[in-house]
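Trainee:
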Amino acid sequence: QNSMPSAIYARQRPTLSVAIATGSAMAFFSICTLPRAIARDILPQRSTAAAASAFQLPSQRHGRVHAAPHSTPAPTSRLFASEKSLPARVLFLGTPPVAAASLRTIHASIPSAPVPFEIVGVVTQPPRPAGRKRKLAPSAVHAAAEELGIPVLHPEKAGDPEFLSRLLEEGGEGLGPLDLAITAAYGNYLPKKFLALPVRGTLNVHPSLLPRWRGASPVQRSLEAGDDTLGVSVLFTVQKMDAGPVVAQVSVPDDGAAGAEETLGSLFALGTDALLGALPDVLSGKITMENAAPQDEGEITQAAMISKREGVLRPHRQSASDMHCRVRAFDMWPGCTLELSVGGGDPVSIKVGRTRTVGSHDGVLDALDLDGQAVVLPNMKKRGLMLMCGDGSVLEILDVQPPTKKMMDAKSFVNGLKGAEVRWIETPEEAEEEQ
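Using this note's numbering, the letters of the sequence shown map in sequence onto residues 839 to 1273.
1. With respect to the alpha helix (DSSP H) encompassing Gly1115, which residues constitute its N-terminal and C-terminal limits?
2. Where Val1238 and Leu1113 are concerned, what is the direct C-alpha to C-alpha distance, given to the nearest angstrom?
3. Report the partner residues of Arg966 according to the DSSP bridge assignment.
4. In the DSSP assignment, find the unbroken beta strand (DSSP E) run with Asp1237 in it and report its ends.
5. Go ahead and label Ser891 buried or exposed: buried means 16 or more other beta carbons lie within 10 angstroms of its beta carbon, across all protein chains shown.
6. Can Glu1062 and Met1170 be called in contact, C-beta distance under 9 Å?
7. Under 6 Å Cβ to Cβ from Ala1158, same chain only, skipping five residues before and after it: list those, please.
8. For the structure I just gave you, are there three or more beta carbon pairs, one from the segment 1045-1059 and one from the segment 998-1008, closer than 8 Å?
9. Among Gly1064, Leu1033, Gln1140 and Ser1187, which has the Cα closest to the Cα of Thr1021?
10. Only counting runs of 3 or more residues, tell me where the beta strand (DSSP E) segments fall wholly within the segment 916-962, in order along the chain.
11. Can you tell me the Cβ-Cβ gap for Val960 and Val928, rounded? I've got them flagged as a contact below 8 Å.
12. Taking the alpha helix (DSSP H) that Ala1063 falls in, what are its first and last residues?
13. Thinking just about the alpha-carbon of each residue, which of Val1190, Arg972, Leu1041 and Asn1042 is nearest to the one in Leu1236?
14. Strictly by DSSP, which residues pair up with Ala1131?
15. Determine whether the beta carbon atoms of Pro934 and Gly1039 lie at a separation below 9 Å.
16. Can you tell me which of His1044, Met1079 and Pro1036 puts its alpha carbon nearest to the alpha carbon of Leu1105?
17. Looking at the structure shown, is Glu1137 part of a helix, part of a strand, or coil, going by DSSP?
18. Using the Cα positions of Ser1060 and Ile1144, report the straight-line distance between them to the nearest angstrom.
19. To which residues of the same chain is Arg902 closer than 6 Å at the C-beta, ignoring the five residues directly before and after it?
20. Using the three-state DSSP reduction, which class does Arg874 fall into: helix, strand or coil?
21. Which value, in whole angstroms, describes the spacing of the CA atoms of Arg942 and Ala951?
22. How is Pro896 classed by DSSP in three states: helix, strand or coil?
23. For Ile957, tell me which candidate among Arg1221, Leu931 and Val1213 has the shortest Cα-Cα distance.
24. Tell me where the beta strand (DSSP E) around Pro1185 begins and ends.
25. Tell me which residue opens and which closes the alpha helix (DSSP H) that Leu1002 is part of.
26. Quick one: grab the DSSP three-state call for Asn1253.
27. When you compare the CB positions of Ala978 and Arg966, do they come within less than 9 Å of one another, or not?
28. Secondary structure at Glu1234, three-state DSSP: helix, strand or coil?
29. What residues in its chain sit with their C-beta under 6 Å from that of Thr962, if we drop five residues either side in the sequence?
30. Would you mind stating whether Gly1211 and Leu1225 have Cβ atoms separated by less than 9 Å?
31. DSSP three-state call for Asp1247: helix, strand or coil?
32. State the DSSP-derived secondary structure class of Gly1210, mapped to helix, strand or coil.
33. Take the Cβ of Asp1200 as the centre, count every other Cβ of all protein chains shown within 10 Å, and call the residue buried at 16 or more, exposed below.
34. How long is the line joining the alpha carbons of Leu1208 and Val1214, rounded to whole angstroms?
35. Put Ser1275 into one of helix, strand or coil per three-state DSSP.
36. Going by beta-carbon coordinates alone, are Ser1187 and Pro1132 separated by less than 9 Å?
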């Protein structure tokens, strides 16, 4: 007792019958009100998998799993209990719809979990104004947690004293003690005081193949850069952003068409599956902050926040491939726009929907005259607006949204022009930059 931290020793739990091996005999005795933190270490753990490696995750149907290297778990007490261990207490943190989907998946896995756990609480960002009337609305995670009957906390900051005290408090409205925290697109910085609370640490689902694309916009920057391979990482959270050791990664080839919103959902689904695969070993202490795979600091790339100006397409400066990547990357926000002149009139900014690049061997090019800045719809089914960029590459725009209108296909847009000529033009900002 004297060697135990008082905060841990104070966590009381029911009597357990315990046996200790003493030479050739077994001495049986009862420990009354055994602390939870000690009970977790001495109670036998159920087998997590039949795989040869303790770190082998289940195979992924849509991608390749890269798991942390095998390492022998730290030795535990030689005490064994006759009763089953209490479920691990897990706190979930997240905000947007992709995180709500992760929460539902994790919650649904509880009945079949190899190592028992429960979600004792959910933390999300506070309700924000939404819709035309700007009424306060709870986050997607908040709504999902209420449907699942899980207590919800929504502090402005994760370092708020009242919030932290709620996590420390046991019984009543308190959520402590915590064995593990899981974050998925929470959106708030987690201070040192928070990270010190969960005994097994905090796991984060991050939609990139770390250390590539650390930061606020990993999926968007990956699509913008035209990465051939996308992926998701499960890592321990440390104070430095996205810098913790990696527990597992899943990589998938880019299909060249899906936008950031669709890609984000797919990667979070894969990441949640990878997290669930590693969860038994994390909860049992086989995977820890110390033996998870450290990131190569020499391979870091930063995923900077996106500015609205990045969504403006500039055909005379950008290639068709560059613009296609931007349209995919920024489909959630800010979207991409193109300045057009219709019938020689004033510039009109239209929002660009789906696009694709046109290969040099595409027969559609033989039927078009794409000199200069012309934007042309070929007389062919299921084709979009064609425009030639400054480097000679050709972009095909399948959907557009004129001002005050809904998104429409290219043919519907052209039909509304009644034969007027369409040309792309430089933005006023571009003209000033070239002077």
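For glycine and all other residues, C-beta sits at the position ideal for the given N, C-alpha and C.
Mentor: The structure says:
1. Ala1098 to Leu1121
2. 39 Å
3. Ala975
4. Asp1237 to Gln1239
5. With a pLDDT of only 33 at Ser891, under 50, the local geometry of the prediction cannot be trusted, and the value read off the model is given with reservation. Counting Cβ neighbours within 10 Å, Ser891 comes out exposed, since fewer than 16 surround it.
6. no
7. Thr1195, Cys1227, Ser1231, Val1232 and Leu1233
8. no
9. Leu1033
10. 926-932 and 955-961
11. Incorrect: roughly 10 Å between the Cβ atoms, too far for contact.
12. Pro1056 to Ala1063
13. Val1190
14. Val1084
15. no
16. His1044
17. helix
18. 12 Å
19. Residue confidence for Arg902 is low, a pLDDT of 48 falling below 50, so the modelled location carries little weight; the figure read from the coordinates is stated next. Taken in chain order, the residues that qualify are Ser1089.
20. For Arg874, the pLDDT reaches just 42, beneath the cut-off of 50, and the residue's location in the model is therefore unreliable, leaving the point undetermined.
21. 14 Å
22. Confidence is the limiting factor: at Pro896 the pLDDT is only 35, short of 50, which leaves the residue's position unreliable and the question unanswerable from this model.
23. Leu931
24. Pro1185 to Val1190
25. Pro999 to Leu1006
26. helix
27. no
28. strand
29. Thr933, Ser977, Val979, His980 and His992
30. Here residue 1211 is Gln; the residue named in the question, Gly, does not match the sequence. Result yes, Cβ atoms of Gln1211 and Leu1225 sit closer than 9 Å.
31. strand
32. coil
33. exposed
34. 7 Å
35. It is not possible to answer for residue 1275, since the shown part of the chain is limited to 839 through 1273.
36. no
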